[in-house]
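Before any comments, here is the structure.
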Amino acid sequence: MDISIIFKIAGVGLLIAVAHQILQRSGRDEQALLLSLAGVVFVLLILVGQIGDLFTKIRGIFGI
Numbered sequence: 049m050d051i052s053i054i055f056k057i058a059g060v061g062l063l064i065a066v067a068h069q070i071l072q073r074s075g076r077d078e079q080a081l082l083l084s085l086a087g088v089v090f091v092l093l094i095l096v097g098q099i100g101d102l103f104t105k106i107r108g109i110f111g112i
């Protein structure tokens with residue numbers, strides 16, 4: 049695991065936050081909500097991949 053994952057998640061968070069504010073101020077609340085949900089799903093997909101790698105390494109260490 050390296051620091052680039054943290055930067056990717058932070059970058060996605062910043063982009064989603066800015067786009068959410070722009071959409072919300074222009075009166076498109078539904079699209080802002082969908083954009084936020086898409087951002088959360090994207091970050092969760094990144095984390096699921098990392099957690100899968102972690103479990104693979106743990107299995108390798110214990111020989112399971």
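Sequential numbering of the sequence shown, starting at 49, is according to the numbering used here.
All C-beta atoms in this analysis are idealised placements derived from N, C-alpha and C, irrespective of residue type, glycine included.
Asked                                                                                                        : Found
State yes or no: is the C-beta of ALA80 within less than 7 angstroms of the C-beta of GLN72?                 : yes
Determine the extent of the alpha helix (DSSP H) in which ARG73 is found, giving its start and end residues. : 52-73
Which of helix, strand or coil does DSSP assign to ILE112?                                                   : coil
Does the distance from the CB of HIS68 to the CB of LEU82 come in under 7 angstroms?                         : no
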